[in-house]
DNA sequence: GTGGGACATAAACATTTGTTTTAAACATTA
DNA sequence: TAATGTTTAAAACAAATGTTTATGTCCCAC
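Chains as they are written, first to last, in the UniProt record's numbering: chain A, 1 to 222; chain B, 1 to 222.
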């Protein structure tokens, strides 16, 4: 086995298994046996299972943040202080997200991992991501703010997260949904196809009219 | 300990712990010790951990489907064959979702569970839910179809899931989001508040213009 | 060539997991 | 009261988990 492709094989195998079954449900023995690597190699190279999980994310998020920053730089240069339209911002983000895993043909895995990062308890993960990659999102949020000056800050905050939910939820649960869709419509949807469908929905959601100020008819709930 | 409040205590404790930490991360010993109940009681009353998980869901979904069916009955009676407007349908669904856990003051738990049901691998759960509660959603989807006759079937299918993603993702990750929001804006958002904000976004998303037929500029991805 | 660092291997370790088993307590009915 | 079915209790079980150790192997600098 050449030098340290062991590390790569562990990461390659781990990300697939994590995406398929979740973190807690994937044992180190699952990973190492499928990767044809010794069990101890994980703790040797990564230190612990937690660190392995973070390393799996870093391999996606590091290139992503770099690319996304660069893309935003370009965009700011292009508009030279002018306000960047919302569509351009969303488009740029989508492109950045798509570019990275495209290199490794594993967008599906990336999306599943993102979904898990949000839903799964795994407190350490959310902290890790927020800590290491929060700055790009802050920058993005600031640009979105300029692009949507009529939106109250709180409203924009929530809508951004609504849209994030739409995208992550859809793309991370894609396999299951695709099964249903194929059964119902026979047509096989690609990720690009889905992105194409998502775009107008996301834009419309961001530009939706403001909610009525008060007094809806819904029942109270704790 | 009176007759079989053991079962109730197990369910009450299990749903909270499941919602907080996920299924795999919650051990039976966690549940039984916190519930002050013997370990063996779980296997005695429920048979297995899997069945316990399903029972936790059933306690929410059984009343929900019943209520939702009833609400749809009312709606159909009210409109007497006329097409039910989309807003009414969405409103009715929201109301039905909110009513059930409101009785037990645990909407947050319910939403977290829903999120887990989607994201977590747990194949048995998705199958269980689809099998036992799929019919209500089918009925709902048929009504939405009548309410949005201009939408191609496939488009409507995906948009419904987009919106489902928005709602579930937001409400299930609510605690984390709420923390951020409070830090940024100091304002504490209630669930009702969030629903009020969600509504126009969801409606706008469903009514968004159709996507451009082809040829977007996004890079290819597998 | 030899010593030393980097890595691989196999075995063992201590916990924790879900599940069973055995026995005792309880309640209900005859 | 005796007998029966139901529920709780404590302990034990086998399996699986993350992690560590001890040994072996390779390769490169000296």
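Glycine is no exception: its CB is placed at the ideal position from the N, C-alpha and C atoms.
Asked, Found
"List the residues of chain B whose Cβ lies closer than 7 Å to the Cβ of residue 161 of chain A, in chain order.", "170, 177"
"Among residues of its own chain, excluding the 5 on either side of residue 239 of chain A, which ones have a beta-carbon nearer than 7 Å to its beta-carbon?", "The question about residue 239 of chain A has no answer, for chain A in this structure spans 1 to 222."
"Flag this pair as touching only if the region 123–134 of chain A and the region 192–205 of chain A have three or more C-beta atom pairs under 8 Å; answer yes or no.", "no"
"Does any C-beta atom of chain A lie closer than 8 Å to the C-beta of residue 116 of chain B?", "yes"
"For the structure I just gave you, are there three or more beta carbon pairs, one from the region 153–168 of chain A and one from the region 167–176 of chain B, closer than 8 Å?", "yes"
"With a threshold of 8 Å between beta carbons, is residue 13 of chain B in contact with chain A?", "no"
"Can you tell me the Cα-Cα spacing of residue 213 of chain A and residue 31 of chain B, whole angstroms?", "42 Å"
"Would you verify that the beta carbon of residue 150 of chain A is, or is not, closer than 8 Å to some beta carbon of chain B?", "no"
"Between residue 51 of chain A and chain B, is there a C-beta pair that is closer than 8 Å?", "no"
"Taking buried to mean at least 16 other C-beta atoms within 10 Å of its own C-beta, is residue 8 of chain B buried or exposed?", "exposed"
"With DSSP run on the structure shown, which of helix, strand or coil describes residue 190 of chain A?", "coil"
"In whole angstroms, what separates the C-alpha of residue 145 of chain B from that of residue 57 of chain B?", "28 Å"
"Starting from the C-beta of residue 155 of chain A, find all residues in its chain whose C-beta is less than 7 Å away, skip the five residues before and the five after it, and write them out in chain order.", "210"
"What residues from the region 52–83 of chain B come within 7 Å of chain A, judged by C-beta to C-beta, listed N to C?", "none"
"With residue 96 of chain B and residue 64 of chain B assumed to form a contact (beta carbons below 8 Å), what rounded beta-carbon distance in angstroms separates them?", "6 Å"
"Out of curiosity, what's the CA-to-CA distance linking residue 12 of chain B and residue 82 of chain A?", "55 Å"
"Quick check: what's the CA-CA separation for residue 16 of chain A versus residue 49 of chain A?", "15 Å"
"With C-beta atoms as the reference, is residue 113 of chain B less than 8 Å away from residue 18 of chain B?", "yes"
"Is the separation between the beta-carbon of residue 92 of chain A and that of residue 71 of chain A shorter than 8 Å?", "yes"
"Any idea if residue 35 of chain B is buried or exposed, counting beta-carbon neighbours within 10 angstroms, 16 or more meaning buried?", "buried"
"Residue 158 of chain B to residue 41 of chain B, Cα distance in whole Å?", "43 Å"
"Using three-state DSSP, classify residue 36 of chain B as helix, strand or coil.", "coil"
"Could you work out which residues of chain A lie near residue 181 of chain B, taking near to mean beta carbons separated by less than 8 Å?", "154, 157, 158"
"Return the CA-CA distance between residue 79 of chain A and residue 151 of chain B, expressed in angstroms with no decimal places.", "36 Å"
"Compare the C-beta of residue 184 of chain B against all C-beta atoms of chain A and say whether one is closer than 8 Å.", "yes"
"Give the DSSP-derived three-state secondary structure of residue 101 of chain A in the structure shown.", "helix"
"Indicate the three-state DSSP secondary structure (helix, strand or coil) for residue 3 of chain B in the structure shown.", "Low confidence applies to residue 3 of chain B: its pLDDT is 46, below 50, so where it sits in the model is not reliable, and the reading given next is rough at best. In the structure shown, residue 3 of chain B sits in coil (DSSP, three-state: anything other than H, G, I, E or B)."
"Just the Cα atoms here: how many angstroms apart are residue 148 of chain B and residue 10 of chain A?", "48 Å"
"If contact means a Cβ-Cβ distance below 8 Å, which residues of the region 18–47 of chain A contact chain B?", "20, 21, 22, 24, 25"
"Is the Cβ-Cβ distance between residue 46 of chain B and residue 116 of chain B less than 8 Å?", "no"
"Can you give me the C-alpha to C-alpha distance between residue 20 of chain B and residue 77 of chain A, rounded to a whole angstrom?", "45 Å"
"Under a CB-based cut-off of 8 Å, is residue 85 of chain B close to chain A?", "no"
"Reducing DSSP to helix, strand and coil, say where residue 218 of chain A ends up.", "Only weak support is given to the placement of residue 218 of chain A: the predicted model assigns it a pLDDT of 49, under 50, and the question is left unresolved by the model."
"Rounded to whole angstroms, what's the CA-CA distance from residue 177 of chain B to residue 160 of chain A? Just pull it up for me.", "11 Å"
"Could you check the C-alpha separation between residue 86 of chain B and residue 196 of chain B for me, to the nearest Å?", "16 Å"
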